[in-house]
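Structure, as structure tokens:
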Amino acid sequence: MKRKLLGMVLMALAIVTSCKNDNDDQDINIIRFNDGQFTLYRGYSHKYSYALETGATPFVINLLGEGVSYSTDAGKFTGTGSLVTGYFYSENIAEVKNGLYTIDIFSQKGKYTADSCKIYYNYDFAQDTGKIYTIKAGTFDVVNLGRLMSYKIDIQTADFIHFTGEFRGTVDPL
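Counting from 20, one number per residue, gives the positions in the sequence shown under our numbering.
Okay, here's the thing in structure tokens:
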């Protein structure tokens, strides 16, 4: 009887562990693009202003890459690394609500749009040197996972440099 029960437990364990895909978590927090990739580790947000005439509330979202930190004393980014930043226009006055945010090239600031999006790559914030990519098209799929947020990124520049990936982590208020 014990042998049969042990066999059933081992079989169930084998089934459960074989169902997990080893690639499931490998791409989390890695942003890939034509010329390379970078890793994100943390996010910050702040409400930029009250609700606009469009009914949308603007929030500034900053997703920090390795090597970049935010100095609360100085009120600026420090270090050398990558940063994804932009204005997200939420229908909620308290937070960036779940949804698909589309890059708004006409800056109409409607609900579920984003604009002024940039990616700083290998950027030295003390020297103001490095590459800055201005985003002209694409989407951010935002999902609140409880304590964590997910930002699935599929965006590109005017000259077709395409950035894809997902940030999954904390997005703390500034």
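Ideal placement from N, C-alpha and C gives every residue a C-beta, glycine not left out.
| Item | Value |
| --- | --- |
| Provide the residue(s) that pair with S90 in DSSP beta bridges, ordered along the chain. | K95 |
| Can you check DSSP and say which residues form a bridge with V162? | S169 |
| Does the Cβ of D54 have 16 or more other Cβ atoms within 10 Å, making it buried, or fewer, making it exposed? | exposed |
| Check for me: the beta strand (DSSP E) holding V115 runs from which residue to which? | Taken as a continuous stretch (DSSP letters only), V115 belongs to no beta strand (DSSP E), as it is neither H nor E. |
| With a threshold of 7 Å on Cβ separation, who are the neighbours of T194 within its own chain once the five nearest residues in sequence on each side are excluded? | This structure gives no information on residue 194, because the portion of the chain shown stretches from 20 to 193. |
| Going along the chain, which residues of its own chain have a beta-carbon closer than 6 Å to the beta-carbon of S90, five neighbours each way excluded? | T97 |
| Determine, using beta-carbon pairs with one atom in the segment 127-141 and one in the segment 71-84, whether at least three such pairs fall under 8 Å. | yes |
| Is it right to say S68 is buried, meaning 16 or more other beta carbons lie within 10 angstroms of its own, or is it exposed? | exposed |
| Between which two residues does the beta strand (DSSP E) holding T132 run? | 132-143 |
| Please return the same chain residues whose Cβ sits closer than 6 Å to the Cβ of G157, not counting the five positions on each side in sequence. | I122, D173, I174, Q175 |
| I'd like to check one pair, G105 with K137: are the Cβ atoms closer than 9 Å? | yes |
| In or out: G62 buried (at least 16 other Cβ within 10 Å) or exposed? | buried |
| Within 10 Å of its beta-carbon, does N163 have 16 or more other beta-carbons around it, so buried, or fewer, so exposed? | exposed |
| For F186, count the other beta carbons within 10 Å of its own beta carbon; 16 or more makes it buried, fewer makes it exposed. Which is it? | buried |
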